[in-house]
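Notes follow the structure.
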Amino acid sequence: MNSYFQINEQISQTENIILPDDTPMKNKPNIITTMKATWITFLPYAFIKQITQPANIYFIVIGILQIIPATSYTNGVPTIYGPLAMMMSISILKDAIEEYSRYKSDQEENNRKSHKYFENQFIECNWKDIYQADIILVMENESIPCDILILSSSYQGGIAYVETKQIDGETNLKQKYSIYDLQQRYHIDNAINFEKNNNVKFVYDQKNPILYKLSGTYQISNSQVDSLNYGNFIERGCMLKNTEWIIGLCIYSGMNCKIMLNCSQERTKRSRLEQYMRICIISISISLVLFCLMSSIYEFIWTNNHLNYTYLGLIRDDVFIDFGLWFSLLSYFIPISLVVNVELVKFGQAKMLESDKVMPNSKSHQSNLIEQLGEINIVFTDKTGTLTKNSMQFRELFAQNEKEALLCMSLCHSVVKSKNKLIGSSPDELAILEYCEQRGYIFQGIDNNNHLTINKTQFHRVMNFDFSSEKKRMTIVVKTGNEYVLFCKGADEVLLELIGECKHQQVIHQFAIQGYRTLMLGRKTFTQTQMDIYLAEYKKAQEDKDEEMMNNLQKKLELNLEFLGITAVEDLLADDVGQTISDLKSAGIKVWVLTGDKVETAISIGYSCNLIDSKDMLQVVTEITVGSIEEVFLHYCNESANIALVLSGQALTVMLDNPQLKSMLIKRAFYAKVVIVARVSPKQKQQVVALVKENLPKAYTLAIGDGANDVSMINEAHVGVGIQGVEGTQAARAADFAIQEFKHLKRLMFYYGVECSRRNALTILYIFFKNQVFITPYFWFGFLNGFSGQYLYDQWLSSLFNTVFAALPQVLYALFDEMHPSSEYLQWSKTQHNLLEDKPDVYVQFRQQPIFTIIKFWLWVFNGMVQGLIIFLVCTFSTENQNMDDGMTMEFFEDGVFIYGIVIILVNLKIFTFTYTNYNFTIFFIVLSILVYWLILIMVNDHELSPSFNFYRYLASPQLYLALALTFMLFLFDLAIERFYDFQIYVRKPESIELV
Amino acid sequence: MSDSKGFLHFLFFKKWHPVPSVGSTIALFSIIGVIFVALGIVITVINNQIQEVTIYKYDQKCSPVEYNKKCSFTYKLDNMKAPIYFYYELENFYQNHRRYVKSKSSTQLSGEEISLSDAEKYCDPITYNKDLEEWQQNVYVTEQNTQVQKERNPDDIASPCGLVAKSFFNDTYALSLSGKNIDLNQTGISWPNDKGKKYKRASDSESTQWIDPENEHFIVWMRTAGLPTFRKLWGRIEQDIEEGEYTFEFQNNYNPQMFAGAKNIVLSTSGPFGGKNLFLSIAFIVVGVIQLLIALAFLIKKIRAGPSFGQKNE
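If you read the sequences in order, they're chains R and U.
The working numbering applies: residue 1 is where the first sequence begins, and numbers increase by one.
The working numbering applies: residue 1001 is where the second sequence begins, and numbers increase by one.
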């Protein structure tokens, strides 16, 4: 995402458009396509993608070993290609579904409506019918279909207001303006003459992904060349506001738009489980090689020692061929269904999440990360639009002289009124003015002679000092009658200084605790003479461009202000934010707020959403020099756990550049209960997340935000969550998961995260386990036959193990099991809250004692090997050399059929040991999986392909049932261990140490 | 059951959410443990009623030990109840070795002709008559296990071919008490589906095959055993026998030096669970005891840890 910020980079290449000759550039349509292949190339593309997967290459090699006669135990038939083809088809099908959903969302975007200039008039058209160099018309509240230069706007001065929420998440309006010389030429009233009258050449940067930057030139006919700048440019996806219409020239279309060039990065995030799974696959491959080496060397030595056993027809063996044979025999060490199974299950889980009715409009773009939601310990959150609704409400006015206070509020602001609408960049001021209107102080606007009108009274504005973040106040002087009145509105700490003594600090404190944004109002009157002198002085300073003097004069003017009142505006918190935050905290999750807003506001929101307790010690670092920051840090030497650390973006920049301060910061921040970083840029948000990831390898981060300014942090964090407003936003699209409101984070993490991480971990462990149980009897059998590599199970039946006999139940488990069922029946689309959502302790438990660790993995694999051994021993010794039926004894293939049958029974039963919720149909499929094996045996009983067979007599042998009963102990042992573990689960208190 | 959902919905989608408790777990393991121990005791009792006699290395009982000769010895047997199964047992014979197991042609054994390439593929290294043992090269062994001399072309495909067939165990036995023959029934010793289906004589069996594939001893041999020490049924004694010195007469054909092992005779009676099986009786008792110990462990843990053990905070 670096491209966002390379504002200083120069683009050397340019493109140009000459109007009207170039209209339209048919080769550059405004079509976006995020599909990875076309309909025709999809199949080859998907197929090549499949056969180049490392896992699939492995199985293709196994198949080749099965074809080569020397290493084949299947008579040269690559039986593994059956299940492999099935697994690959499932993957391809899944890809196709995803491709189709991309196609649909592209279609939706491409078919949005706009207007383009065509044969001397504007006609309605789809976005996809616009081409580069087309002239388009955008009406108020419409989205901009492509990157445009503004040619003209409905305002005389060529001003246009746009909302850039899609680009940077900011909801205030940005002023843009048309190209000065073109405003009249391309005015909508002249539409009929666009082509006739105008000949303009535009030269501008070649397409590039750098936002917030555009440079170029234009030239009308052969007159002087003038420059274009970013103010003339609007990005695709912005929305036109408070402006009736604009006419623009499409300069980048479709995939060439800056925003699209920014989106093109492929994400390669992996969950912890996936990383561990990779380690496990590699380590089990090594163990497979070791097993094969051992077996083949044993075989080699045994063969050479027994060459005199002529009845065996032994010949001197090639140890490499033995190795290949054992490799193809034990290839089940790496389960063929693993990757597809896990993918499929996560796909289903994601679809369930998306259809959840409790958190509507949820989206999952990276279903592979779903389990990571259950193992988060740091949450980075944006403030505006995420914690808050970004809608200001006037709450209270505390005033001694209410009339004057209201006058001050309705006069001292930078809002303009156009067509009976208030337009301003500060939502606070808008909220204040709305309140004034309610109270009967209706601001009517300001005319060109600096006359402000309230109701019907005119006030002449003599002086105006605008708000700036350094001055933190706005001051105006108006003339009423013979009197001059100064009104001042600003941050309380500044105004308190100007007022001197004030008895109302208690009120301010009260408001702040309630999380209100407070402003203080002040007033002062002057006589005509006082003012005249002052104005003269100020005029001189202005002429001298002496800024310091001007500032001093402002201060002098404002000195000894008279206290008027305090306003309280509330940035409404999003629903249930407080509860969500405190639940996150009790789950041992640290919440860091990264906001572009002011430090004070961030702190007040921190209080109001339970992030900061009144007991917590606030440490605010806003200094901007190394020395002073050090001093502050030393001042707050107390490293207790109840620290709420507040940093400003500038202080952060300084600290990140200084290694010593950086390490101090890291230490301090990781012990602090809460960290708030205010006034940060999108890049800094990303830097903070990266800093945490770098320095805390055990930290699993989640970033949540709603605007495009959060995209970089969303991409950087282990899991990115986007808040999806009513309109789909950039953040929600870039995020791995999108939810509608902050409060849904709880359900997302505590329910979906915990459940999916539990189920997916167990599914993976189980898949390895069942393949071990299945295949290790081959190895143990080796001890009885000189490791000759003899197989036990019928080769056709054994290729069905992972696809038929032990396939479906584990998928159903991973999709439907619930620790606390939320309803009596199966629900695909959930409609009820789950108990887990209110159990942060369960979240802590699963994060502290994760189900999938490397040790647990080996325990499961080892358990599988031991169970394979026990099944093999029990079956062999209870049937071999036994009088099975009227004195007859068994062939070992019959024994193999029996061992295989018991393996199928046990691995299917095993699912019960870790399932919390069974359904009738999941039980049915477990039973069916077991039965289908025996049914197939009965069906093929008399057939040529049948391995033996005297099935009915064989089923009548009591030894089989005794052996079955004996092996049932394995299930019981697993159950005992599982329950013992379950019964003594205890939860440790979450500590910050956990991270370090 | 929810009325609005209907019966089918109930049938398929009803949830079961059992919450296991310590008590139920202790009960479960105690009951199963008791059942296992009881079953183990029953099996042990039954085992003790089954009589099994093994005559080790019976070929060594003749001196000098000579092969392809008849030989006899006497052995004292107790009273035994019919049916009594007569087994031969081989030690250290790897009928489960990969090279050995695969060296046969199912097609040929089911009575069909096979091509030379198939013979080479499936029966390697025993493809031709000349690859067979000397005694097999010019003989036809009938269904009744008698040998008829036949001229054979050494370059014809051996039928049956392969290592398993070649190593056919061809000792024969007879049993008598004081000169009175005890009848050894040698029919019905193979699995019923095998004879005439998987093992079927070729149309011109006598001239092309060296043994009739429907010879039941042959079928029994072809069913390869899983353990390197195995026994195979040779015949049944369908009458009770009394205590006495029995004469075992046998045709000593098979040389155990070939596999560096031994050949034994086993006589066994039968109970409701088949023959004597020490493994099952021990295993059931051991597993039963382990289950009881598990139940005990839960109980101790419950007493020691108090109510916190197994309390779900629902």
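Using N, Cα and C, we set each Cβ at its ideal position, and we do this for glycine too.
Because the structure is a prediction, the values reported are computed rather than measured.
Among Y1067/U, Y1056/U, F1029/U, whose alpha-carbon lies nearest the alpha-carbon of M1258/U?
Numbered from 1 along the second sequence, position 258 holds the residue referred to as residue 1258/U. Checked all of Y1067/U, Y1056/U, F1029/U; the closest Cα to M1258/U is Y1067/U.
Write down the C-beta distance between S296/R and R1098/U rounded to the nearest angstrom, noting that I regard them as a contact closer than 8 Å.
One-based indexing of the first sequence puts residue 296/R at position 296. One-based indexing of the second sequence puts residue 1098/U at position 98. Going by Cβ atoms, the distance from S296/R to R1098/U rounds to 12 Å, so no, they are not a contact pair.
Contacting residues, own chain, Cβ-Cβ under 7 Å from E354/R (five flanking each side not counted):
Here the question's residue 354/R lines up with position 354 in the first sequence. Here the set comprises S362, K363, S364.
Cα separation between A690/R and S114/R?
Residue 690/R sits at position 690 when you count from the first residue of the first sequence. Residue 114/R sits at position 114 when you count from the first residue of the first sequence. The alpha-carbon atoms of A690/R and S114/R are separated by roughly 40 Å.
Please list the partners that Y309/R has in chain U, where partner means a Cβ-to-Cβ separation under 8 Å.
Here residue 309/R corresponds to residue number 309 of the first sequence, with the count starting at 1. Chain U residues near Y309/R: Y1094, M1258, F1259, A1260.
Check for me: the alpha helix (DSSP H) holding L937/R runs from which residue to which?
For the purposes of this step, residue 937/R is taken as the residue at position 937 of the first sequence. Per DSSP, L937/R belongs to the alpha helix (DSSP H) from 920-939.
Nearest-angstrom Cα separation, counted from L792/R out to F893/R
As a working note, residue 893/R is residue 893 in the first sequence. As a working note, residue 792/R is residue 792 in the first sequence. Their backbone Cα atoms lie some 6 Å apart in a straight line.
If you run the structure through DSSP and keep just helix, strand and coil, what is Y1087/U?
Here the question's residue 1087/U lines up with position 87 in the second sequence. Strand.
May I have the straight-line CA-CA distance separating N1277/U from S1270/U, to the nearest angstrom?
By 1-based counting over the second sequence, the position of residue 1277/U is 277. By 1-based counting over the second sequence, the position of residue 1270/U is 270. Approximately 11 Å, taken between the alpha carbons.
Proximity test, Cβ basis, 7 Å: G313/R and chain U:
The count along the first sequence starts at 1 and reaches residue 313/R at position 313. Cβ-Cβ to chain U under 7 Å: yes for G313/R.
Cβ contact (3+ pairs, closer than 8 Å) linking the segment 24-40 of chain R and the segment 97-108 of chain R:
yes
Tell me the start and end of each unbroken beta strand (DSSP E) in the segment 102-161 of chain R that is at least 3 residues and wholly inside, in chain order.
113-118, 121-126, 135-139, 147-153
Hey, how far is the Cα of N771/R from the Cα of H820/R?
Your numbering for residue 771/R matches position 771 in the first sequence. Your numbering for residue 820/R matches position 820 in the first sequence. Distance between the alpha carbons of N771/R and H820/R is about 30 Å.
Specify the secondary structure class of S264/R as computed by DSSP and reduced to three states.
As a working mapping, residue 264/R is identified with position 264 in the first sequence. Confidence at S264/R is low in this model, with a pLDDT of 49, below 50, so the placement of that residue should be treated as unreliable; the coordinate-derived value is given next. Looking at S264/R - three-state DSSP - the assignment turns out to be coil, as it is neither helix nor strand.
Tell me the rounded alpha-carbon separation between Q984/R and F1309/U.
Taking the first residue of the first sequence as 1, we reach residue 984/R at position 984. Taking the first residue of the second sequence as 1, we reach residue 1309/U at position 309. If I take the Cα positions, the gap works out to 5 Å.
Residue interval of the alpha helix (DSSP H) (run including H460/R):
By 1-based counting over the first sequence, the position of residue 460/R is 460. Premise fails: H460/R lies in the beta strand (DSSP E), 457-465, not in any alpha helix (DSSP H).
Quick check: is the beta carbon of G789/R nearer than 7 Å to any beta carbon in chain U?
To locate residue 789/R, count along the first sequence from 1; it is residue 789. By this cut-off, G789/R is an interface position.
Please confirm if Y843/R has its CB atom under 7 Å from at least one CB of chain U.
Taking the first sequence and counting its residues from 1, the one referred to as residue 843/R is at position 843. Not closer than 7 Å to any Cβ of chain U, the Cβ of Y843/R fails to qualify, so no.
Does any C-beta atom of chain R lie closer than 7 Å to the C-beta of W1221/U?
Locating residue 1221/U in the second sequence gives position 221, counting from the first residue. No, no contact with chain R.
Measuring only the C-alpha atoms, how far is Y177/R from G158/R?
As a first step, residue 177/R must be located in the first sequence, where it is residue number 177. As a first step, residue 158/R must be located in the first sequence, where it is residue number 158. Going by the C-alpha atoms only, they are around 5 Å apart.
Which whole-angstrom value describes the C-beta separation of V677/R and L594/R, a residue pair presumed to lie in contact below a C-beta threshold of 8 Å?
Numbered from 1 along the first sequence, position 677 holds the residue referred to as residue 677/R. Numbered from 1 along the first sequence, position 594 holds the residue referred to as residue 594/R. With a Cβ gap of about 5 Å, V677/R and L594/R count as contacting.
Give a yes or no on whether 7 Å exceeds the smallest Cβ distance from A976/R to chain U.
Locating residue 976/R in the first sequence gives position 976, where the first residue counts as 1. Chain U, which has a Cβ nearer than 7 Å to the Cβ of A976/R, makes this yes.
Nearest-angstrom beta carbon gap, L329/R and Y73/R [assumed within contact, 8 Å]
In the first sequence, counting from the first residue as 1, residue 73/R sits at position 73. In the first sequence, counting from the first residue as 1, residue 329/R sits at position 329. With 8 Å as the limit, Y73/R and L329/R qualify as a contact, their Cβ atoms being about 6 Å apart.
What alpha helix (DSSP H) runs, 4 residues minimum, are completely inside the segment 1108-1133 of chain U?
1116-1123
Leaving out the 5 sequence neighbours to the left and right, which residues in its chain are closer than 8 Å to L496/R when beta-carbon positions are compared?
On the first sequence, residue 496/R is found 496 positions in, with the first residue counted as 1. Hits under 8 Å: C502, Q505, M520.
So with CB distances below 8 Å, who are the chain U contacts of Q41/R?
Numbered from its first residue, the first sequence carries residue 41/R at position 41. According to the sequence displayed, residue 41/R carries Thr and not Gln. Neighbours of T41/R on chain U: none; closest Cβ ~41 Å, over 8 Å.
Below 8 Å CB to CB, which residues in the same chain sit around G578/R once its five sequence neighbours on both sides are set aside?
By 1-based counting over the first sequence, the position of residue 578/R is 578. Same-chain partners within the cutoff: S608, C609, N610.
Which residue marks the beginning of the beta strand (DSSP E) containing P29/R, and which one marks its end?
Counted from its first residue, the first sequence places residue 29/R at position 29. Run containing P29/R: 25-29, per the beta strand (DSSP E) assignment.
Kindly indicate which three-state DSSP category W245/R falls into: helix, strand or coil?
One-based indexing of the first sequence puts residue 245/R at position 245. In the structure shown, W245/R sits in a strand (DSSP, three-state: E or B).
T457/R versus M531/R - alpha carbon distance:
Translated into positions along the first sequence, residue 457/R becomes position 457. Translated into positions along the first sequence, residue 531/R becomes position 531. Straight-line Cα distance between these residues: approximately 22 Å.
Between the CA atoms of P850/R and D838/R - distance to the nearest angstrom
Your numbering for residue 838/R matches position 838 in the first sequence. Your numbering for residue 850/R matches position 850 in the first sequence. About 20 Å.
Pick out whichever of E98/R, N110/R, E537/R has its Cα sitting closest to the Cα of K351/R.
As a working note, residue 351/R is residue 351 in the first sequence. Of the candidates E98/R, N110/R, E537/R, the one whose C-alpha sits nearest the C-alpha of K351/R is E98/R.
Below-7 Å beta-carbon distance, Y981/R vs any chain U residue:
Translated into the one-based positions of the first sequence, residue 981/R becomes position 981. No, because no Cβ of chain U sits closer than 7 Å to the Cβ of Y981/R.
For V1220/U, which residues from the same chain have a beta carbon less than 7 Å from its beta carbon, with the 5 sequence-adjacent residues on both sides left out?
In the second sequence, residue 1220/U corresponds to position 220, counting from 1. Closer than 7 Å at the Cβ level, and outside the excluded window around V1220/U, lie I1189, S1190, K1232, L1233.
At which residues does the alpha helix (DSSP H) containing D982/R begin and terminate?
Here residue 982/R corresponds to residue number 982 of the first sequence, with the count starting at 1. Counting along the chain, the alpha helix (DSSP H) containing D982/R begins and ends at 958-983.
Are the beta-carbon atoms of V1096/U and Q795/R separated by less than 7 Å?
Here residue 1096/U corresponds to residue number 96 of the second sequence, with the count starting at 1. Here residue 795/R corresponds to residue number 795 of the first sequence, with the count starting at 1. Note that residue 1096/U corresponds to Asn in the displayed sequence, not to Val. Contact flag unset, no.
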